[in-house]
Amino acid sequence: MRVPMVTVKRMPEPGDRRSQRSFLREIREFVKGSHRPRLIIDLSRVEQLSPESIDLLLECVDHAERGDCAVSVAGASDQAAVILELTQMTSVLDMFPSVAEATQGCQVHDFESTTPLHAA
Amino acid sequence: MEMGALVVTAGGEAGSPAHLPSLWAPSWPVLGETVLERWIKRVQSLGVGLVSVVNRDSEHANRVRTMVEWAREGVEQILLIVLGSYAEIDLLDLVRFHYEGQNRVTRVFDEEGPLGISLLDRGCVLTNREKADQDQCLPSSRYDFLGYVFRLSSTVSYRRLVEDALQGRCEIQPAGVQRRANVWVDETARVHPSAQIEAPCYIGAGVEIGAGVVIRRSSSVERNCRIDLGTTLDRASILPNTYVAPGLHVRESVIDESRLEDLARGVAVDLGAAGLSTRVGTRPRRPFRQRSSSPAPASLFGG
Chain V
75 MRVPMVTVKR
85 MPEPGDRRSQ
95 RSFLREIREF
105 VKGSHRPRLI
115 IDLSRVEQLS
125 PESIDLLLEC
135 VDHAERGDCA
145 VSVAGASDQA
155 AVILELTQMT
165 SVLDMFPSVA
175 EATQGCQVHD
185 FESTTPLHAA
Chain Y
399 MEMGALVVTA
409 GGEAGSPAHL
419 PSLWAPSWPV
429 LGETVLERWI
439 KRVQSLGVGL
449 VSVVNRDSEH
459 ANRVRTMVEW
469 AREGVEQILL
479 IVLGSYAEID
489 LLDLVRFHYE
499 GQNRVTRVFD
509 EEGPLGISLL
519 DRGCVLTNRE
529 KADQDQCLPS
539 SRYDFLGYVF
549 RLSSTVSYRR
559 LVEDALQGRC
569 EIQPAGVQRR
579 ANVWVDETAR
589 VHPSAQIEAP
599 CYIGAGVEIG
609 AGVVIRRSSS
619 VERNCRIDLG
629 TTLDRASILP
639 NTYVAPGLHV
649 RESVIDESRL
659 EDLARGVAVD
669 LGAAGLSTRV
679 GTRPRRPFRQ
689 RSSSPAPASL
699 FGG
């Protein structure tokens with residue numbers, strides 16, 4: 075039986091514009107180079123979501139939809155989860171309590187290690 | 399026979415750390431009027447003209463002095479209300495009980511204990527000057543109240559009282575005009591024609607409800623709030639002078655200016671940092687980008 079594959083990508087720190095730009099570029103390339111990928115954005119290091127973080131997630135979903143990619147978020151703090159629900163991001167993103175739960179039963183790839191494969 | 403009423407409020411504003419659930423602040427209105435205002439009305443309906451409100455944090459000596467001065471001036475009975483609950487007590491019955499029993503101090507209890515409401519005789523105040531506002535120190539009679547009582551403790555209890563009032567489970571009457579069954583809207587509120595208002599709900603004075611807003615399941619919007627385009631309020635209360643950004647889904651929460659308390663999760667979030675809510679009149683920080691283009695809010699609140 076084929077084990078579904080998921081890729082985990084960590085959300086950049088709020089306020090770090092450079093990392094945010096590179097995050098989006100990497101997502102775009104990842105979606106382009108994959109066939110119906112499943113992506114999990116790890117929010118465990120994000121205490122509270124800023125407007126920039128919400129914008130970033132929206133852009134991420136936008137790119138993912140174009141590439142038939144399923145995007146989920148995992149590990150959101152209570153505060154971040156409240157913002158995700160409030161802004162209705164949960165209507166376009168599945169939300170898991172932790173990365174472990176989001177990847178249960180799946181073959182997990184670290185985003186950085188898979189990027190060169192897809193880019194090749 | 400003259401009576402005076404001294405109402406001791408619970409103190410200042412709700413002051414919890416930003417991320418923790420808060421206590422009920424006495425300044426929070428419940429469908430247009432604070433619990434304090436409702437108590438004062440209840441007392442005045444008894445014909446009591448002498449009403450004084452003091453803060454619990456203020457000098458103990460000042461409170462005692464007020465009571466002693468009243469007693470010296472001939473006030474026969476003093477109703478002492480330490481504001482910690484909303485209780486639909488028949489004050490006339492309490493006075494009758496006190497008078498018929500020739501009690502010096504009568505304290506009101508419910509199933510959970512004392513409610514902080516006492517009736518004291520003039521003589522008792524004059525002979526126990528130091529302890530006059532600490533009725534638990536004085537020998538007293540017990541008046542058991544079995545009616546509607548709500549202790550003012552947390553934001554969760556605030557929401558429950560709002561729901562009880564909107565669903566007719568208590569005597570609280572919303573301050574607005576009943577536009578249709580169980581929908582109260584103040585005459586000065588402006589509601590966009592495309593907004594969906596589902597009963598029961600309350601919209602207070604000076605409120606502006608934008609296009610496409612949905613208000614449902616016992617939600618309340620207190621005075622001078624502005625709810626922007628397409629936002630949904632679902633079992634939520636918005637406290638006075640709060641602006642709520644467009645496109646949000648506010649569920650089982652209380653928002654006080656920039657502070658949201660999610661009652662289901664038991665956490666508080668600062669929405670000001672995310673530009674999602676703020677005090678009316680202050681410029682919100684850059685709100686998050688909308689997924690669909692929307693007309694400028696200002697044009698929709700024009701009149």
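From first to last, the protein sequence lines are chains V and Y.
Numbering follows this note's numbering, in which position 117 of the first sequence is assigned residue number 191; successive positions increment by one, without gaps.
Numbering follows this note's numbering, in which position 125 of the second sequence is assigned residue number 523; successive positions increment by one, without gaps.
Virtual Cβ for every residue (Gly too), placed ideally from N, Cα, C.
Cβ neighbour criterion (16 or more within 10 Å) applied to residue i
i	result
T586 (chain Y)	exposed
V575 (chain Y)	exposed
A194 (chain V)	For A194 (chain V), the predicted model reports a pLDDT of 29, less than 50, meaning its position is unreliable and no value from the coordinates is stated.
D90 (chain V)	exposed
Q94 (chain V)	buried
L130 (chain V)	buried
R83 (chain V)	The question names Arg, but residue 83 (chain V) in the sequence shown is Lys. With 16 or more other Cβ atoms within 10 Å, it is buried.
R578 (chain Y)	exposed
G628 (chain Y)	buried
P125 (chain V)	buried
E175 (chain V)	exposed
N- and C-terminal bounds of the alpha helix (DSSP H) containing residue i
i	result
Q442 (chain Y)	433 to 442
Q153 (chain V)	152 to 160
E205 (chain V)	Here chain V has residues from 75 to 194 only, and residue 205 (chain V) is not among them.
V525 (chain Y)	First, the amino acid is wrong: residue 525 (chain Y) is Thr here, not Val. Element bounds for T525 (chain Y): 520 to 525.
S127 (chain V)	125 to 140
Three-way DSSP call (helix, strand, coil) for residue i in this model
i	result
G604 (chain Y)	coil
F97 (chain V)	helix
E103 (chain V)	helix
D542 (chain Y)	strand
M85 (chain V)	coil
S651 (chain Y)	strand
S675 (chain Y)	strand
V405 (chain Y)	strand
D491 (chain Y)	helix
T640 (chain Y)	strand
V462 (chain Y)	helix
L191 (chain V)	The predicted position of L191 (chain V) is uncertain, since its pLDDT is 37 and thus under 50; a value taken from the coordinates is nonetheless stated next. Reduced to three states, the DSSP call for L191 (chain V) is helix.
S146 (chain V)	strand
P693 (chain Y)	Here the model assigns P693 (chain Y) a pLDDT of 37, short of 50, so the residue's position is not dependable, and the following value carries that caveat. Note: P693 (chain Y) maps to coil in three-state DSSP.
H590 (chain Y)	coil
G700 (chain Y)	Below a pLDDT of 50, predicted positions are generally treated as unreliable, and G700 (chain Y), at 34, falls in that range; no measurement from the model is reported.
T630 (chain Y)	strand
R624 (chain Y)	strand
H109 (chain V)	coil
Start-to-end residues for the beta strand (DSSP E) that takes in residue i
i	result
R558 (chain Y)	R558 (chain Y) -> not in any beta strand (DSSP E); alpha helix (DSSP H) instead, spanning 553 to 564.
F507 (chain Y)	503 to 508
E486 (chain Y)	Run containing E486 (chain Y): none; DSSP gives neither H nor E here.
I479 (chain Y)	475 to 480
N382 (chain Y)	Summary: the structure shown does not reach residue 382 (chain Y), with chain Y confined to residues 399 through 701, and so no result is reported for it.
V583 (chain Y)	581 to 583
E659 (chain Y)	657 to 660
I114 (chain V)	112 to 116
A666 (chain Y)	665 to 668
D168 (chain V)	168 to 170
S617 (chain Y)	617 to 619
V205 (chain V)	There is simply no residue 205 (chain V) to check, as chain V begins at 75 and stops at 194 in what is shown.
Point to revise | contact_flag[the region 622 to 630 of chain Y, the region 545 to 555 of chain Y] where n(CB pairs < 8 Å) is 3 or more | key: No, the region 622 to 630 of chain Y does not touch the region 545 to 555 of chain Y.
Practice item. Compile a chain-ordered list of the residues in the region 606 to 618 of chain Y whose CB is closer than 7 Å to at least one CB of chain V. Key: none
Exercise for review: Could you say if the region 424 to 432 of chain Y and the region 471 to 480 of chain Y meet the contact criterion of at least three C-beta pairs nearer than 8 Å?
Suggested key: no
Exercise for review: Please confirm if the region 514 to 525 of chain Y is in contact with the region 464 to 476 of chain Y, defined as three or more CB-CB distances below 8 Å between the two stretches.
Suggested key: yes
Exercise for review: Output, in sequence order along the chain, the residues in the region 660 to 672 of chain Y whose CB is closer than 9 Å to any CB in chain V.
Suggested key: D660, R663, G664, V665, A666, V667, D668, L669, A671, A672
Point to revise | Residues of the region 116 to 142 of chain V with Cβ closer than 8 Å to any Cβ of chain Y, in chain order | key: Q122, L123, S124, P125, I128, D129, L132
Review point. Using a Cβ cut-off of 8 Å, which residues of the region 150 to 179 of chain V contact any Cβ in chain Y, in chain order?
Key: Using a CB distance below 8 Å, the part of the region 150 to 179 of chain V facing chain Y consists of D152, Q153, A155, V156, I157, E159, L160, T161, Q162, ordered along the chain.
Practice item. Please name the residues in the region 626 to 648 of chain Y whose beta-carbon is closer than 8 Å to at least one beta-carbon of chain V, in chain order. Key: G645, L646, H647, V648
Practice item. Examine the Cβ distances between the region 144 to 163 of chain V and the region 653 to 670 of chain Y and report whether three or more of them are shorter than 8 Å. Key: yes
Practice item. Pull out every residue of the region 427 to 460 of chain Y whose Cβ sits closer than 9 Å to any Cβ of chain V, in chain order. Key: Here the close residues number zero.
**Study point:** Stretch pair the region 639 to 646 of chain Y + the region 666 to 679 of chain Y: three plus CB contacts closer than 8 Å
**Key:** yes
Review point. So, do the region 129 to 145 of chain V and the region 93 to 113 of chain V have three or more beta carbon pairs nearer to each other than 8 Å?
Key: Touching, yes.
Exercise for review: Taking 8 Å as the threshold, find out whether the region 537 to 544 of chain Y comes into contact with the region 498 to 511 of chain Y through three or more Cβ pairs.
Suggested key: yes
Check your understanding: Got a sec: which bits of the region 476 to 498 of chain Y sit with their beta carbon under 8 Å from any beta carbon on chain V, in order along the chain?
Key -> none
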